[in-house]
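Step one of this worksheet: look at the structure below.
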Amino acid sequence: MRYVEGSVTTSPKRISKIGLGTWQFGSGQWGYGSRYADTDAALIVRRALELGITLFDSAEVYGLGRSERILGAALAAVPGALDRAYVATKLLPVVPVGPVVEQRAVASAHRLGVRHLDLYQVHQPNPAIRDRWTMRGMAALRSVGLVGDVGVSNYSLARWQEADAALGVPVLSNQVEYSLARPRHGAALLDFAARESRIVIAWSPLAQGLLSGRYDVTNRPSGRVRAANTLFGTENLARATPLLDVLREVAAAHGASPAQIALAWAIRHPQVVAIPGASGVAQVESNAAAADLDLAADEYAALSAAADRFTPVTGPAAFVALAAERLRP
């Protein structure tokens, strides 16, 4: 496993380049079944720790709190886990003023079974409430030791900088959708992160499985989350073929899977970490192994060029087309 070097984190814990996202813990939308929450999630967390993964990301909205509870119980079952695990969760910013932020952090910490949140993030920018009000709560949480690092999620660069100024100390991270299927989402953020020693946390680094190469028009993903993703529409699956071909070519050269190469591409930037989910122990093992892959400069350039050429259909037209396909007999 590799770890972030030279960030402005306040934590003595190392932050792994490959983390574990836990959106699927406690959520029925992924179609993993009840055994996943009852048994598999704990096995995944234990194996992740064994492999050197330290970054575990959740949110109060995931499974309406169940993700935090499942993650907390899984960490508590492994002796010494909380000494190594860098636990991150997120606030749903409904009226995110100081007292609300403080109350929600206490509730998340209780569900996770921890006395300290290593990273507490604002899940989305609130368009009506500016960050000066939200960061008052974050500052109070830091002053009493409940929160270590503060982060944001799905913020533009300008909004990230606004939060930074409001907090008065560095807002460590910005969690955004970033992958070979969405490379344009991160360019300005990466420059800022490199310049200021911050971290970009890539959510959906495998584009919900598109970059695994497993899916095409004859094999579509199951589960409500992926079923609603326009990347899995017929036109977008066809448009992704050249990108997937390059992924497979590079993967073959490394004896790796396309998914591992996609993760290796995302974390090649020194300030990027990725938080893929895992459907089972085998997948978390595969994800962790991606941290040790070294892409040559020409391979990275070829993947980046293929990503730049991938122009998926987006917006209302994409949703209409996807809905029509789902309803077609």
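Going by UniProt numbering, 225 is the number at position 225 of the sequence shown; the sequence numbering is gapless.
Here a beta-carbon is modelled for each residue, glycine too, at the ideal position from N, C-alpha and C.
Rounded straight-line distance, which links the Cα of residue j to that of residue i
{"i": "A92", "j": "A59", "result": "Correcting the residue identity first, residue 92 is Leu in this sequence and not Ala. When rounded, the distance between both Cα atoms is 8 Å."}
{"i": "W90", "j": "P242", "result": "In the sequence on display, residue 90 carries Lys and not Trp. Distance between the alpha carbons of K90 and P242 is about 36 Å."}
{"i": "D40", "j": "E68", "result": "15 Å"}
{"i": "Q124", "j": "L189", "result": "16 Å"}
{"i": "V147", "j": "A238", "result": "45 Å"}
{"i": "F310", "j": "Y300", "result": "15 Å"}
{"i": "residue 359", "j": "D292", "result": "Lying before the first or after the last residue shown, residue 359 is absent from the chain, which here runs from 1 to 329."}
{"i": "S279", "j": "N287", "result": "11 Å"}
{"i": "D131", "j": "R220", "result": "40 Å"}
{"i": "L43", "j": "P79", "result": "14 Å"}
{"i": "L231", "j": "A323", "result": "12 Å"}
{"i": "G63", "j": "E249", "result": "38 Å"}
CB contact flag (residue i, residue j, <7 Å)
{"i": "D149", "j": "L119", "result": "yes"}
{"i": "A74", "j": "L49", "result": "no"}
{"i": "K13", "j": "R2", "result": "no"}
{"i": "A163", "j": "E102", "result": "no"}
{"i": "V272", "j": "A227", "result": "no"}
{"i": "L20", "j": "F56", "result": "yes"}
{"i": "V225", "j": "L303", "result": "no"}
{"i": "Q121", "j": "S153", "result": "yes"}
{"i": "E235", "j": "V169", "result": "no"}
{"i": "R268", "j": "L244", "result": "no"}
{"i": "L263", "j": "P183", "result": "no"}
{"i": "P270", "j": "S212", "result": "no"}
{"i": "A207", "j": "A181", "result": "yes"}
{"i": "Q260", "j": "A290", "result": "yes"}
{"i": "P96", "j": "N126", "result": "yes"}
{"i": "F25", "j": "I53", "result": "no"}
Residues bridged to residue i (per DSSP)
{"i": "V122", "result": "L91, V152"}
{"i": "S173", "result": "G151, I199"}
{"i": "A274", "result": "I18, A202"}
{"i": "D216", "result": "N219"}
{"i": "Y86", "result": "L55"}
DSSP-derived helix/strand/coil call for residue i
{"i": "E235", "result": "helix"}
{"i": "Y3", "result": "strand"}
{"i": "N287", "result": "helix"}
{"i": "F192", "result": "helix"}
{"i": "D57", "result": "strand"}
{"i": "Y178", "result": "coil"}
{"i": "L210", "result": "helix"}
{"i": "L117", "result": "strand"}
{"i": "V281", "result": "helix"}
{"i": "T9", "result": "coil"}
{"i": "residue 404", "result": "No information on residue 404 is available, as it lies outside the stretch 1 to 329 that the chain covers here."}
{"i": "D292", "result": "helix"}
{"i": "L157", "result": "helix"}
{"i": "A256", "result": "coil"}
{"i": "G63", "result": "helix"}
{"i": "G72", "result": "helix"}
{"i": "L43", "result": "helix"}
{"i": "L146", "result": "coil"}
Closer than 6 Å: residue i CB and nearest the ligand PLP heavy atom
{"i": "A105", "result": "The model on display carries no ligand, and the ligand PLP is accordingly not part of it."}
Proximal residues to residue i (C-beta, below 6 Å), its chain only, five neighbours per side dropped
{"i": "G151", "result": "L119, Q121, L172, S173"}
{"i": "W133", "result": "V97"}
Own chain, CB closer than 7 Å to residue i, minus 5 neighbours either side, in chain order
{"i": "V8", "result": "P170, L172, S197, R198"}
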